[in-house]
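Asker:
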């Protein structure tokens with residue numbers, strides 16, 4: 276299946292280290308938008324981009340100084356016929372508006388029902404741990420615009436994540452996702468007209484894995500909250516890079 280969204284993986288010695296979502300923003304140039312906190316530090320700007328059935332070497336182009344967004348580009352030959360048209364930017368967004376959160380991330384096998392599997396973990400990386408990267412298209416609605424998010428103090432967190440949290444879009448999914456949103460960072464948030472309104476960068480800080488002392492095991496606390504960078508920030512980043520180059 277073809278979609279505007281992609282999976283991008285940061286590797287070490289050809290092994291998957293961390294993954295995120297991305298989406299096409301310029302099909303002629305091979306540019307994709309993603310989350311900056313995924314990109315890593317100096318010397319870690321080589322990625323593997325999985326897009327519409329093909330795999331491309333990619334590199335970091337530009338990180339925003341204002342928000343948790345970045346642009347990466349394909350660093351080898353590609354055929355634009357395999358690419359979809361990029362999203363148009365929405366003129367705005369309002370509280371109560373219905374949106375869709377799109378992207379790729381790992382799901383355990385018991386949550387594969389009704390999902391589109393990619394084969395990236397099992398076939399490309401040879402991992403057989405009962406998980407696979409799947410495509411998600413989660414219906415949600417806007418809870419707040421210009422929201423503020425208090426992120427936990429995590430060593431090494433990029434400053435852009437903090438900046439994004441000062442003025443972001445708060446979304447609530449219509450159904451309990453029942454699993455971590457990890458990997459959806461960098462994915463597009465679109466309205467019912469299929470226009471870009473935001474880019475995923477965080478989920479509820481109170482969700483995640485915790486040690487249950489009574490049951491003496493690791494448990495996952497799910498949440499239906501997702502936070503996005505306004506699409507205007509990506510539009511500004513793309514424009515600034517085009518003007519400077």
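In this note's numbering, the protein residues as written are 276 to 520.
Even glycine gets a Cβ: it sits at the ideal position worked out from N, Cα and C.
This structure is a prediction, so every number in the text was calculated from the model and none was measured.
Going by beta carbon distance, what residues of the same chain come within less than 8 angstroms of residue 281, once the five residues before and after it are set aside?
Answerer: As a first step, residue 281 must be located in the chain shown, where it is residue number 6. Excluding positions up to five away in sequence, the list reads 296, 297, 298, 299, 307, 324, 325, 326, 327 and 379.
Asker: Run through the DSSP bridge pairs and tell me what residue 419 is partnered with.
Answerer: By 1-based counting over the chain shown, the position of residue 419 is 144. In the DSSP output, where bridge partners are listed per residue, residue 419 has 445.
Asker: Go ahead and label residue 249 buried or exposed: buried means 16 or more other beta carbons lie within 10 angstroms of its beta carbon, across all protein chains shown.
Answerer: Because the chain in this structure spans residues 276 to 520, residue 249 falls outside the shown range and cannot be described.
Asker: Confirm, please, whether the CB-CB distance from residue 305 to residue 353 is below 8 angstroms.
Answerer: Position 78 of the chain shown holds residue 353. Position 30 of the chain shown holds residue 305. Against a cut-off of 8 angstroms, the Cβ pair of residue 305 and residue 353 comes out as a contact.
Asker: So what's residue 510 in DSSP terms, helix, strand or just coil?
Answerer: Within the chain shown, residue 510 is the residue found at index 235, counting from 1. In the structure shown, residue 510 sits in a helix (DSSP, three-state: H, G or I).
Asker: Going by alpha carbons, who is nearest to residue 339 out of 355, 383, 439 and 489?
Answerer: Mapped onto the chain shown, residue 339 falls at position 64. Among 355, 383, 439 and 489, the Cα nearest to that of residue 339 belongs to 439.
Asker: So, is residue 416 buried or exposed, given that buried needs 16 or more other C-beta atoms within 10 angstroms?
Answerer: As a working mapping, residue 416 is identified with position 141 in the chain shown. By the 10 Å Cβ count, residue 416 comes out exposed.
Asker: Any chance you could list the beta strand (DSSP E) runs of at least 3 consecutive residues sitting entirely within the segment 331 to 405, in chain order?
Answerer: Fully enclosed beta strand (DSSP E) runs of 3 or longer: 345 to 349 and 373 to 383.
Asker: Helix, strand or coil for residue 253? Go by DSSP, reduced to three states.
Answerer: The structure shown has nothing for residue 253, since the chain only spans 276 to 520.
Asker: Can you tell me which of the three DSSP states residue 456 falls into?
Answerer: The count along the chain shown starts at 1 and reaches residue 456 at position 181. Coil at residue 456, not helix or strand.
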